[in-house]
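A.B. asks: Numbered per my numbering, the sequence shown spans residues 1150 to 1316. Glycine included, every Cβ here is placed at the ideal spot set by N, Cα and C.
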Amino acid sequence: MNSTNGNPEDDLPVVLVLRPPPVLTMFQDRFTERFRILNASDSDLPLDQFLASSDDARSATALLCYGGAVGTSGGLRISGGILRRLPSLKIVVSTSTGVNYIDVAECRRLGIAVANCGDSVSDDVADMAVGLFIDVLRKISAADRYVRKGFWPAFGGFPLGSKVLSY
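(1) Using C-beta distances below 8 Å, list every residue in its chain close to F1199, excluding the 5 sequence neighbours before and after it, in chain order.
(2) In chain order, what residues of the same chain have a beta carbon less than 7 Å from the beta carbon of T1221, not counting five sequence neighbours either side?
(3) Among the candidates A1262, S1228, L1281, whose CA atom is the shortest distance from the CA of D1252?
(4) Could you give the residue range of the alpha helix (DSSP H) that holds A1291?
(5) What distance in whole Å lies between the Cβ atoms of L1187 and V1164, which are believed to be in contact at a cut-off of 8 Å?
(6) Kindly indicate the opening and closing residues of the beta strand (DSSP E) around S1245.
(7) On a Cα-Cα basis, can you pick out the residue from L1213, F1184, R1183 that is closest to R1168?
(8) Using the beta-carbon count (16 or more within 10 Å), is V1219 buried or exposed?
(9) Quick one: grab the DSSP three-state call for V1219.
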């Protein structure tokens, strides 16, 4: 790429990251080939001050946020005030299923697209829930710990089943 100051990184689109998702760390090299990642959590400044003082943040065309629904750890909220501090922003991408912590109405008013992962992991979550349910009912994890701690030779077998429901 050709850059006005000779640094090809300056030509890459800026992605502002609020609370980086684990996938960003795992694939950092791939992402930095195509985007200039600006991680707000690398700054000691509060978010409002960081956005006000960073030219890079104002040039961000995408905002990536990891979860962060109000009430969860961190209480991240993408408010209208934050959105208005990012004049180049074109899209807000959430790695969670919900967008209740994003001011979607303000995004719409400012012409900013909003995307999330939707139900992309719903089947996996359902499979895990059923597996954990069976694990609890049949005490599989408890029995595994019992054997690994060496209790089996000393105390004998571990009852794997039990009646949970009776009629």
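C.D. replies: Taking the coordinates as given:
(1) A1189, S1192, A1206
(2) For T1221, the pLDDT reaches just 48, beneath the cut-off of 50, and the residue's location in the model is therefore unreliable, leaving the point undetermined.
(3) S1228
(4) 1289 to 1297
(5) 7 Å
(6) No beta strand (DSSP E) contains S1245, which DSSP labels as neither H nor E.
(7) L1213
(8) Note that V1219 has pLDDT 43, beneath the 50 cutoff, so the model's placement of it is unreliable and no number is given.
(9) The pLDDT assigned to V1219 is 43, lower than 50, so where the model puts this residue is not dependable, and the model offers no usable value.
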